[in-house]
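Asks: A single structure is presented below for examination.
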């Protein structure tokens with residue numbers, strides 16, 4: 007299992023801009039770790055042994071690199087989008103993986 011957080015981007019220091027990148031990155035990494043830990047705990051109660059990795063960067067690039075590095079047999083990702091258009095078509099990460107994944111890809115709704 008791998009989870010990837012894209013580093014924050016923005017106009018730091020501009021009035022109305024998001025908090026500083028370091029604070030936002032730390033918050034995102036903490037949220038990522040919490041979700042990963044909770045998911046691993048649920049899988050452990052089912053008797054499943056799962057390898058876990060946390061990555062920071064572009065999600066599709068990180069997933070492609072990770073699958074290549076470990077010699078993955080299959081990559082399972084969600085089709086995710088927040089807007090109406092994204093619900094109709096594949097998300098940009100799933101779309102890129104469909105074209106570049108180094109192993110078979112399973113996209114779940």
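Numbering (our numbering), first residue to last: 7 to 115. Beta carbons are placed, not taken as given, at the ideal position from N, Cα and C, and that holds for glycine. Bear in mind the structure is a predicted one, so any value in this text is a computation, not a measurement.
#1: Can you give the Cα-Cα distance for residue 100 and residue 76, rounded to whole angstroms?
#2: For residue 13, count neighbouring C-beta atoms within 10 Å of its own C-beta (all shown protein chains included) and say buried if the count is 16 or more, exposed if not.
#3: As a quick exercise: from 63, 7, 97, pick the residue whose alpha carbon is nearest that of residue 47.
#4: Quick one: is the Cβ of residue 51 within less than 8 Å of any heavy atom of the ligand GTP?
#5: Give every residue of the same chain whose Cβ lies closer than 6 Å to the Cβ of residue 70, excluding the five residues on either side of it in the sequence, and list them in chain order.
#6: From this set, 41, 52, 39, 83, which residue's C-alpha is nearest residue 109's C-alpha?
#7: For residue 78, which residues of its own chain have a beta-carbon under 8 Å away from its beta-carbon, when the five flanking residues on both sides are left out?
#8: Got a sec, what are the start and stop residues for the alpha helix (DSSP H) residue 103 sits in?
#9: Roughly how many whole angstroms lie between the Cα atoms of residue 58 and residue 42?
#10: I need the boundaries of the alpha helix (DSSP H) containing residue 69, first residue and last residue.
Replies: So, from the data block:
#1: 20 Å
#2: exposed
#3: 7
#4: Of ligands this structure carries none, so the ligand GTP is not represented either.
#5: Counting only Cβ-Cβ distances below 6 Å, and skipping sequence neighbours, we find 106.
#6: 83
#7: 72, 108, 109
#8: 98 to 106
#9: If you take the alpha carbons of residue 58 and residue 42, they lie about 8 Å apart.
#10: 65 to 76
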